[in-house]
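Residue numbers (the working numbering): 3 to 388. Just so you know, even glycine gets a beta-carbon here, dropped at the ideal spot from N, CA and C.
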Amino acid sequence: MLNGEMGRATQKAMEIIVALGDIYGAEELIEISSVQVAGVSYHNLGDAGLEFLNEFAEDGKVRVLTTLNPAGMDLEDWKKLAISEDFANKQKLVIDAFSKLGIITSCTCTPYLIGNLPRFREHVAWSESSAVTFVNSVIGARTNREGGPSALAAAIVGKTAAYGLHLDENRVPDVHVDVKAKLKSISDWGALGYSISKKAENKIPYITSIKRASIDDLKSFSASLVTYGAKPLFYIRNITPEKAKRPANKVTITQDDLNGAYKAINDEGEEIDFVSIGCPHASINEIAEVAKLLNGKKVKAEFWITTARQTKTLADSRGYTKMIEESGAKFACDTCLAVAPLKGRFKSVATNSAKGCFYARGTNQMKTKLGDVAKCVDAAVNGRWN
Ligand code: F3S
Numbered sequence: 003m004l005n006g007e008m009g010r011a012t013q014k015a016m017e018i019i020v021a022l023g024d025i026y027g028a029e030e031l032i033e034i035s036s037v038q039v040a041g042v043s044y045h046n047l048g049d050a051g052l053e054f055l056n057e058f059a060e061d062g063k064v065r066v067l068t069t070l071n072p073a074g075m076d077l078e079d080w081k082k083l084a085i086s087e088d089f090a091n092k093q094k095l096v097i098d099a100f101s102k103l104g105i106i107t108s109c110t111c112t113p114y115l116i117g118n119l120p121r122f123r124e125h126v127a128w129s130e131s132s133a134v135t136f137v138n139s140v141i142g143a144r145t146n147r148e149g150g151p152s153a154l155a156a157a158i159v160g161k162t163a164a165y166g167l168h169l170d171e172n173r174v175p176d177v178h179v180d181v182k183a184k185l186k187s188i189s190d191w192g193a194l195g196y197s198i199s200k201k202a203e204n205k206i207p208y209i210t211s212i213k214r215a216s217i218d219d220l221k222s223f224s225a226s227l228v229t230y231g232a233k234p235l236f237y238i239r240n241i242t243p244e245k246a247k248r249p250a251n252k253v254t255i256t257q258d259d260l261n262g263a264y265k266a267i268n269d270e271g272e273e274i275d276f277v278s279i280g281c282p283h284a285s286i287n288e289i290a291e292v293a294k295l296l297n298g299k300k301v302k303a304e305f306w307i308t309t310a311r312q313t314k315t316l317a318d319s320r321g322y323t324k325m326i327e328e329s330g331a332k333f334a335c336d337t338c339l340a341v342a343p344l345k346g347r348f349k350s351v352a353t354n355s356a357k358g359c360f361y362a363r364g365t366n367q368m369k370t371k372l373g374d375v376a377k378c379v380d381a382a383v384n385g386r387w388n
């Protein structure tokens with residue numbers, strides 16, 4: 003591969019993998035079973051990124067199951083989201099290049115909900131920080147936090163360099179976090195991720211005193227924890243599958259910490275012109291909850307439910323789509339509030355995602371409100387945060 007005997011794209015991909023292995027002192031390459039590629043939105047890639055992809059697509063093909071992170075728009079119904087035609091045309095060229103490489107153009111950050119589901123201890127090469135954290139922790143598979151180009155290179159090679167979180171010695175938790183706060187909603191899990199990150203920056207937490215956690219809770223927690231500063235791996239005693247020893251160094255998260263997280267994330271002001279649920283992409287359970295809350299109501303604010311297209315198909319067949327769309331809310335498949343070109347369009351967003359708040363504030367310069375899904379639906383209906 004490195005000599006170019008298997009084509010130019012494979013050679014370039016192998017050069018990237020070898021360079022990373024050299025930098026991080028890897029002794030060997032390891033086989034991977036799947037890849038998740040981030041860096042899909044034309045908004046982030048620009049023409050230089052598109053050119054980079056097209057070069058790979060000239061003679062390159064992925065060697066393992068490879069799925070894609072959200073794009074900058076709903077690939078089928080982008081007009082509904084007021085995306086410009088110029089942007090849509092460029093975004094389609096990006097998707098065409100990925101498709102030519104043999105990648106499944108799934109465009110979701112929850113690939114584990116739609117068929118890219120590794121086994122415990124399997125090695126993978128995923129980018130997208132929430133998915134990386136989920137797959138390392140909740141599933142117990144192994145990946146570093148890849149960038150878009152390194153994930154793509156691993157997909158083309160079918161292997162990655164064995165360093166970082168692929169190795170046992172780098173997966174040891176280094177702070178014990180005892181959670182004394184009550185977790186009643188997905189947004190509480192996001193606030194928990196924020197609180198732990200502030201006390202365990204760049205560390206791997208081993209968490210105790212949590213008795214229950216749904217997949218939706220854990221995907222929200224995975225997103226928030228890594229966004230606000232911890233490493234993309236956590237352990238929750240009796241919930242996550244990988245065995246680990248409890249570290250001696252202990253911190254406690256109290257209700258005050260959780261309240262402090264809400265305070266830090268929530269900006270002043272009550273007016274809300276944008277609401278977004280589905281960061282990480284909404285599961286069918288979350289969509290069902292939104293549909294029931296919206297049933298028979300009309301929204302004032304622009305309201306996006308961001309999800310995988312496959313999940314929306316399920317919502318169509320269950321009647322949830324009708325209930326949601328009759329209220330004026332919209333499905334935004336294949337995309338999300340962080341990667342769609344939203345800067346300047348909205349002033350204040352309400353969401354149940356702590357990660358969503360980070361990007362809405364940082365990338366799109368919106369004011370942010372974090373609350374549970376009922377509070378977000380209420381904000382959409384009234385155009386205010388009560
Ligand atoms: Fe997914 Fe976008 Fe949130 S990629 S985790 S919905 S910021």
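| query | Taking C-alpha atoms, which residue in Thr-365, Ser-285 and Val-379 lies nearest to Asn-297? | reply | On the sequence shown, residue 297 is found 295 positions in, with the first residue counted as 1. Nearest C-alpha to Asn-297: Val-379.
| message | I'd like to confirm something about Gly-280: is its beta-carbon nearer than 8 Å to some heavy atom of ligand 1, or not? | response | Your numbering for residue 280 matches position 278 in the sequence shown. The closest heavy atom of ligand 1 lies less than 8 Å from the beta carbon of Gly-280.
| Is it the case that the CB of His-283 approaches a heavy atom of ligand 1 more closely than 8 Å? | Counting from one through the sequence shown, the residue named residue 283 turns up at place 281. Yes, since a heavy atom of ligand 1 falls inside the 8 Å radius drawn around the Cβ of His-283.
| message | DSSP three-state label for Ala-193, please. | response | Along the sequence shown, read from residue 1 onward, the residue named residue 193 stands at position 191. Here Ala-193 sits in helix by DSSP.
| message | What I want to know is whether the C-beta of Asn-71 ends up closer than 8 Å to one or more non-hydrogen atoms of ligand 1. | response | Here residue 71 corresponds to residue number 69 of the sequence shown, with the count starting at 1. Under cutoff, so the answer is yes.
| query | Is Pro-243 buried or exposed, if buried means 16 or more other CB atoms sit within 10 Å of its CB? | reply | Taking the sequence shown and counting its residues from 1, the one referred to as residue 243 is at position 241. Pro-243 should be labelled exposed.
| Option in Glu-203, Glu-53 and Ser-36 with minimal Cα separation from Lys-44 | Translated into positions along the sequence shown, residue 44 becomes position 42. Sequence check: residue 44 is Tyr here, not Lys. With distances taken between Cα atoms, Tyr-44 lies closest to Glu-53.
| said: Tell me whether Cys-111, by its Cβ, gets closer than 8 Å to a heavy atom of ligand 1. | reply: Here residue 111 refers to the residue found at position 109 of the sequence shown. Yes; taking the cut-off as 8 Å, the Cβ of Cys-111 has a heavy atom of ligand 1 nearer than that.
| Can you tell me where the alpha helix (DSSP H) with Pro-151 in it begins and where it stops? | The sequence position of residue 151 within the sequence shown is 149, counting from 1. 150-159 is the span of the alpha helix (DSSP H), which, as asked, contains Pro-151.
| request: May I have a chain-ordered list of the alpha helix (DSSP H) segments no shorter than 4 residues that lie completely inside the region 86-116? | output: 87-102
| Burial state of Asp-259 (16 or more Cβ within 10 Å) | In the sequence shown, the residue the question calls residue 259 occupies position 257. Residue environment for Asp-259: buried (at least 16 other C-beta atoms within 10 angstroms of its C-beta).
| Would the beta-carbon of Leu-339 be found less than 8 Å away from any heavy atom of ligand 1? | The residue given as residue 339 occupies position 337 in the sequence shown. True, at least one ligand heavy atom lies under 8 Å from that Cβ.
| task | Under 8 Å by Cβ, that's how I've got Glu-17 and Leu-31 pegged, so tell me the actual separation to the nearest angstrom. | result | Here residue 17 corresponds to residue number 15 of the sequence shown, with the count starting at 1. Here residue 31 corresponds to residue number 29 of the sequence shown, with the count starting at 1. Actually they do not touch by this definition, with Cβ atoms about 13 Å apart.
| query | From this set, Asn-384, Gly-27 and Gly-346, which residue's C-alpha is nearest Asn-366's C-alpha? | reply | Taking the first residue of the sequence shown as 1, we reach residue 366 at position 364. Residue Gly-346 is the option with its Cα nearest to Asn-366.
| Can you list the alpha helix (DSSP H) stretches of 4 or more residues lying completely in the region 308-333, in chain order? | Within the region 308-333, the complete alpha helix (DSSP H) runs of at least 4 residues are 311-320 and 322-328.
| said: Is the beta carbon of Ile-274 closer than 9 Å to that of Glu-288? | reply: Position 286 of the sequence shown holds residue 288. Position 272 of the sequence shown holds residue 274. Taking 9 Å as the Cβ cut-off, Glu-288 and Ile-274 do not qualify as a contacting pair.
| request: Please classify Tyr-264: does DSSP put it in a helix, a strand, or coil? | output: For the purposes of this step, residue 264 is identified with residue 262 of the sequence shown, where counting begins at 1. In the structure shown, Tyr-264 sits in a helix (DSSP, three-state: H, G or I).
| task | Figure out for me which residue from Gly-330, Val-20, Ala-59 and Ala-127 has the closest Cα to the Cα of Asn-384. | result | Translated into the one-based positions of the sequence shown, residue 384 becomes position 382. Checked all of Gly-330, Val-20, Ala-59 and Ala-127; the closest Cα to Asn-384 is Gly-330.
| said: Using 9 Å as the threshold, is the C-beta distance between Ser-36 and Leu-70 below it? | reply: Counted from its first residue, the sequence shown places residue 36 at position 34. Counted from its first residue, the sequence shown places residue 70 at position 68. No.
| field | Burial state of Gln-257, where buried means 16 or more other Cβ atoms lie within 10 Å | value | Taking the sequence shown and counting its residues from 1, the one referred to as residue 257 is at position 255. So Gln-257 ends up on the exposed side.
| request: Quick one: using the 10 Å Cβ neighbour count with 16 as the cut-off for buried, is Ile-25 buried or exposed? | output: Here residue 25 refers to the residue found at position 23 when the sequence shown is read from its first residue. Looking at its Cβ environment, which holds fewer than 16 other Cβ atoms inside 10 Å, Ile-25 is exposed.
| query | Thinking C-beta only, is Ile-116 closer than 9 Å to Ala-310? | reply | Here residue 310 refers to the residue found at position 308 of the sequence shown. Here residue 116 refers to the residue found at position 114 of the sequence shown. A contact, by the Cβ cut-off of 9 Å.
| query | Is it right to say Arg-173 is buried, meaning 16 or more other beta carbons lie within 10 angstroms of its own, or is it exposed? | reply | Position 171 of the sequence shown holds residue 173. It is buried - the Cβ of Arg-173 has at least 16 other Cβ atoms within 10 Å.
| task | Could you check how far apart the C-beta atoms of Val-277 and Ala-382 are, in whole angstroms? I think they sit under 8 Å. | result | What you label residue 277 is simply residue 275 of the sequence shown in a count that begins at 1. What you label residue 382 is simply residue 380 of the sequence shown in a count that begins at 1. Confirmed, Cβ separation roughly 4 Å.
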